[in-house]
Amino acid sequence: MAKTATAYKEKMKELSVLSLICSCFYPETRNKLMCEFEDMEVKTINKRASGQAFEVILKPLSPASDVAHNLPSPPKRDISLEDIEKKLEAAEDRRRYQEAQLLRVLAEKRYHERDVLLKAMEENNNFSKMAEEKLQMKMEQIKENREAHLAAMLERLQEKERHAAVVRRNKELKEELTA
Numbered sequence: 427m428a429k430t431a432t433a434y435k436e437k438m439k440e441l442s443v444l445s446l447i448c449s450c451f452y453p454e455t456r457n458k459l460m461c462e463f464e465d466m467e468v469k470t471i472n473k474r475a476s477g478q479a480f481e482v483i484l485k486p487l488s489p490a491s492d493v494a495h496n497l498p499s500p501p502k503r504d505i506s507l508e509d510i511e512k513k514l515e516a517a518e519d520r521r522r523y524q525e526a527q528l529l530r531v532l533a534e535k536r537y538h539e540r541d542v543l544l545k546a547m548e549e550n551n552n553f554s555k556m557a558e559e560k561l562q563m564k565m566e567q568i569k570e571n572r573e574a575h576l577a578a579m580l581e582r583l584q585e586k587e588r589h590a591a592v593v594r595r596n597k598e599l600k601e602e603l604t605a
């Protein structure tokens, strides 16, 4: 059955090329037998809108055609112990190489991750230092502003005290003069 299917596939390849050539020379459709091979017949069917159609009729297998399709398989060569050992060694070398490649890639990833982590930590430290310095400067500015405000209030209070003392003295002088 497999031989028939293989032969059918080969003939169909030949048939498509043949039908292309024939359709160029003979554009009219024919209902009669188009061509005949040793194990199949090909008849054209009415032309369709999608293209040309063919009917393929397979003939029953004859003993002579069965022998023609039997191709001998290539002879198996004897594999020696040395060949097997060489192949195993080559496979082991490939496995080692792939393992080394995988380890190299993993080491590169680990190095990159460590590098990224160190960079992130450094940026975090820099940010913390800058935030701390900024806060320190702000606290100093607030302290200076507070001290300046207190000094200004004391100055005003002292000014009021002096003015009150002047007013009291003037009042006492007036009382003494009127008394």
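Going by this note's numbering, the sequence shown opens with residue 427, and the numbers climb by one from there. We put the beta carbon where it would ideally sit given N, CA and C, even for glycine.
State buried or exposed for Thr455, treating a residue as buried only when at least 16 other CB atoms are found within 10 Å of its CB. At Thr455, the pLDDT of 49 sits below 50, so the modelled position is not reliable; the number obtained from the coordinates is stated separately. Thr455 comes out exposed.
Range of the contiguous alpha helix (DSSP H) that encloses Ile510: Start and end: Leu507 to Thr604.
If we ignore side chains and look at the alpha-carbon of each, how far apart do Asn596 and Arg588 end up? If you draw a straight line from the Cα of Asn596 to the Cα of Arg588, it comes to about 12 Å.
Compute the Euclidean distance between the alpha carbons of Asn457 and Arg503, then round it to the nearest angstrom. Only weak support is given to the placement of Asn457: the predicted model assigns it a pLDDT of 45, under 50, and the value that follows is read from those uncertain coordinates. In a straight line, the C-alpha of Asn457 is about 53 Å away from that of Arg503.
Chain-order list of residues whose beta-carbon lies under 8 Å from that of Ala526 (same chain, five-residue window excluded): Within the same chain, Ala526 has no close Cβ partners at all.
Would you decide whether Thr604 is buried or exposed? Buried here means 16 or more other CB atoms lie within 10 Å of its CB. Thr604 is exposed by the Cβ-count criterion.
With a threshold of 16 other CB atoms inside 10 Å of the CB of Thr470, please say whether the residue is buried or exposed. By the Cβ neighbour-count rule, Thr470 is buried, with 16 or more other Cβ atoms within 10 Å of its own.
Span separating the alpha-carbon of Glu467 from that of Lys485: Cα to Cα, the separation comes out at about 8 Å.
DSSP puts Thr470 in a beta bridge; with which residues? In the DSSP output, where bridge partners are listed per residue, Thr470 has Phe480.
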